[in-house]
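In the working numbering, the protein residues as written are 1 to 506.
This is the structure we're talking about:
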């Protein structure tokens, strides 16, 4: 019985404890929502302390009127007014229950209007902070992008009452120093460097003349952004020296002659193009029947060759040949194009020659009077280039090319150009050429059947002769020469392109 009573008392105690815990939980979940009113002036941030750990997901009634900056680690919320108006802010704890609700009224004053204008004009500049402190509108921070300096200076010129606390960011100065160094290297001042010391630019290095030293200082000054006075310059007199010249020259001059640069090379490419066309047309009509004497009879008939014969017994015999007219009509045309190309590389002001010749042997005469000879065809180029200002090249050029006429090696034609000209590097020019047109027309000179006599006849007398012909021929020949000079640093330039042309599959 005693054991049963102890069990009953233990069960009743557990029930009482659970009831008390439920009442405590219900009372904790039913914590009241704290309502607060807050007035925020535009340009003046308000910092509110929260007594509990709040959920960072804070709800703003109108986020275009108010901006919140949350600091959960310190249980702080910063209220920043954007536009005049009224809105609410709801804050929950980490359990999701609403614990605090602000009714925020954003007001605008004369100074807050200035803050709003500045934020609209230069609020997007990286590194700047705009607000009201100590009853004054201020703008402070460090400008990161050098191009923003001019924009900020232009805007602040219209607001003389604004307290300016702006300086250049050290990162910005390092970027400017790097640009100065790159530009000095591009102007053959590779031994001069720029570094930042105490917010000033130190030029260090060695140059070979005072002129190059002045050039380095001029280049560095050209990259300086619009001047922003140091904050120390606006303070007490003892800081006046801090706003000194932003560029300090530590360049040493070592008087010595610069080594002569390697002479430049000139690549000259010449192309010779010859175009030849010929056309011939002939039409000839001939009728000349012949009669030959060979017997004493006359007979008429047709032979196997198509001639009409007549015979007569006793006194006369004759054969009429060429009874049918002869007709000849034909056309002929030809086209040929020859391209010769030569390329040579030489130093500035030095003469160069390139030659390519082909010898073709042939015999002249017959029998005991024949002898061997040869024809030479090929290309020869002499050039002496001289580099002028603005990448222009003066050239004394002699160019000659000898070609065969058609497929006959015995007949050659020569073309020669000798000139002095000025051409810009990498540009091509047609420096000379000849165009030749030749046409001829002949009438009644082309005989389609030069001989119509019958084989074995002692004489042939045409009964009558009718010949009509027209022979028209035209020949057009033209050639032109192109030249292209190019200034190169080394003779190896373009070698890969030439190798591709001569590369063969293995």
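Note that the Cβ used here is the ideal one computed from N, Cα and C, for glycine as well.
Item: Let's see if you can read the secondary structure: which residues bound the beta strand (DSSP E) around residue 359?; Value: 352-364
Item: Kindly list the residues whose CB is nearer than 6 Å to the CB of residue 484, restricted to its own chain and excluding five residues on each side of it in sequence; keep chain order.; Value: 269, 428
Item: Are residue 421 and residue 434 closer than 8 Å when you measure CB to CB?; Value: no
Item: Where does residue 253 fall in DSSP's three states?; Value: strand
Item: Counting only runs that start and end within the segment 103-157, where is the alpha helix (DSSP H) found for 4 or more residues in a row?; Value: 110-122, 148-156
Item: Leaving out the 5 sequence neighbours to the left and right, which residues in its chain are closer than 8 Å to residue 363 when beta-carbon positions are compared?; Value: 370, 371, 372, 373
Item: What is the DSSP secondary structure of residue 42, reduced to helix, strand or coil?; Value: coil
Item: Terminal residues of the continuous beta strand (DSSP E) containing residue 485?; Value: 466-488
Item: Exposed or buried, what is residue 330 when buried is set at 16 or more other beta-carbons lying within 10 Å of its beta-carbon?; Value: exposed
Item: Measure from the alpha carbon of residue 42 to the alpha carbon of each residue in 78, 417, 222, then state which is nearest.; Value: 78
Item: Quick check: what's the CA-CA separation for residue 132 versus residue 215?; Value: 46 Å
Item: Which two residues bound the contiguous alpha helix (DSSP H) that contains residue 211?; Value: 210-222
Item: Put residue 260 into one of helix, strand or coil per three-state DSSP.; Value: coil
Item: Apart from the five residues on each side of it in sequence, which residues of its chain come closer than 6 Å, Cβ to Cβ, to residue 488?; Value: 265, 267
Item: Assign residue 334 to one of two classes, buried (16 or more other C-beta atoms within 10 Å of its C-beta) or exposed (fewer than that).; Value: exposed
Item: Which ranges does the beta strand (DSSP E) cover as unbroken runs of at least 3 residues, wholly within the segment 74-106, from first to last along the chain?; Value: 76-81, 85-92
Item: Between the Cα of residue 104 and the Cα atoms of 223, 380, 90, which residue gives the shortest distance?; Value: 90
Item: I need the DSSP call for residue 426, collapsed to helix, strand or coil.; Value: coil
Item: Output needed for residue 217: all residues of its chain with C-beta closer than 6 Å, excluding positions within five of it in sequence on either side, in chain order.; Value: 249
Item: Using C-beta distances below 8 Å, list every residue in its chain close to residue 145, excluding the 5 sequence neighbours before and after it, in chain order.; Value: 125, 126, 172
Item: State the start and end residues of the unbroken beta strand (DSSP E) segment that holds residue 403.; Value: 392-405
Item: Judging by CA-CA distance, which residue of 465, 117, 439 is the nearest neighbour of residue 450?; Value: 465
Item: From 324, 164, 271, 272, pick the residue whose C-alpha is nearest to that of residue 289; which is it?; Value: 324
Item: Just how far apart, CA to CA, sit residue 346 and residue 385?; Value: 8 Å
Item: To which residues of the same chain is residue 141 closer than 7 Å at the C-beta, ignoring the five residues directly before and after it?; Value: 127, 128, 129, 166
Item: Specify, as a first and last residue, the run of the beta strand (DSSP E) that residue 385 falls within.; Value: 371-387
Item: In the DSSP assignment, the beta strand (DSSP E) including residue 164 goes from what residue to what residue?; Value: 163-168
Item: Just to confirm, is the Cβ distance from residue 62 to residue 85 under 8 Å?; Value: yes
Item: Going by CA-CA distance only, name the one from 184, 212, 177, 284 that's closest to residue 472.; Value: 284
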